[in-house]
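See below for the structure under consideration.
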Amino acid sequence: QVQLLESGGDLVQAGWSLRLSCSVRGGNFGLAIMGWYRQAPGKQRELVATITPEGTTNHADYVKGRFNISRESAKRMVKLQMDSLKVEDTAVYYCRLSYRGRSENYWGQGTQVTVST
Numbered sequence: 005q006v007q008l009l010e011s012g013g014d015l016v017q018a019g020w021s022l023r024l025s026c027s028v029r030g031g032n033f034g035l036a037i038m039g040w041y042r043q044a045p046g047k048q049r050e051l052v053a054t055i056t057p058e059g060t061t062n063h064a065d066y067v068k069g070r071f072n073i074s075r076e077s078a079k080r081m082v083k084l085q086m087d088s089l090k091v092e093d094t095a096v097y098y099c100r101l102s103y104r105g106r107s108e109n110y111w112g113q114g115t116q117v118t119v120s121t
């Protein structure tokens, strides 16, 4: 059984920074593609960033230069460093685990990030 637990969400002011963490229990973390997604009220869930088992990262255009995804294999954790936060970054942020060539994927329960003016 794979379980993902996000933490680090908070209410902050625009321009501030936050670091989200996702702890992974179960599964093969060393083979997992990890991702952060977000969903704002009334909007569809969207990709924020992904990182492969080899450490290759991909960031959505709207967060490039401000957010950075990283993984710590020894701790089975993936993190999202968010700098220069904007009001439009307000959303519930979800962690996702998937594997190449396999349909199974797992989601965490989400952590709320609210950015105020």
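Everything in the sequence shown is counted per my numbering, starting at 5 for the first residue and increasing by one. Beta carbons are placed, not taken as given, at the ideal position from N, Cα and C, and that holds for glycine.
Counting along the chain, residue 83 sits inside the beta strand (DSSP E) bounded by residues 81 to 86.
Around the beta carbon of residue 78, fewer than 16 other beta carbons sit within 10 angstroms, so the residue counts as exposed. When secondary structure is reduced to three states using DSSP, residue 21 falls in the coil class, being assigned neither helix nor strand. A check of alpha carbon separations from residue 90 across 5, 17, 7 identifies 17 as the nearest.
In the pairwise beta carbon analysis, the stretch 84 to 102 is classified as touching the stretch 31 to 50: at least three pairs are separated by under 8 Å.
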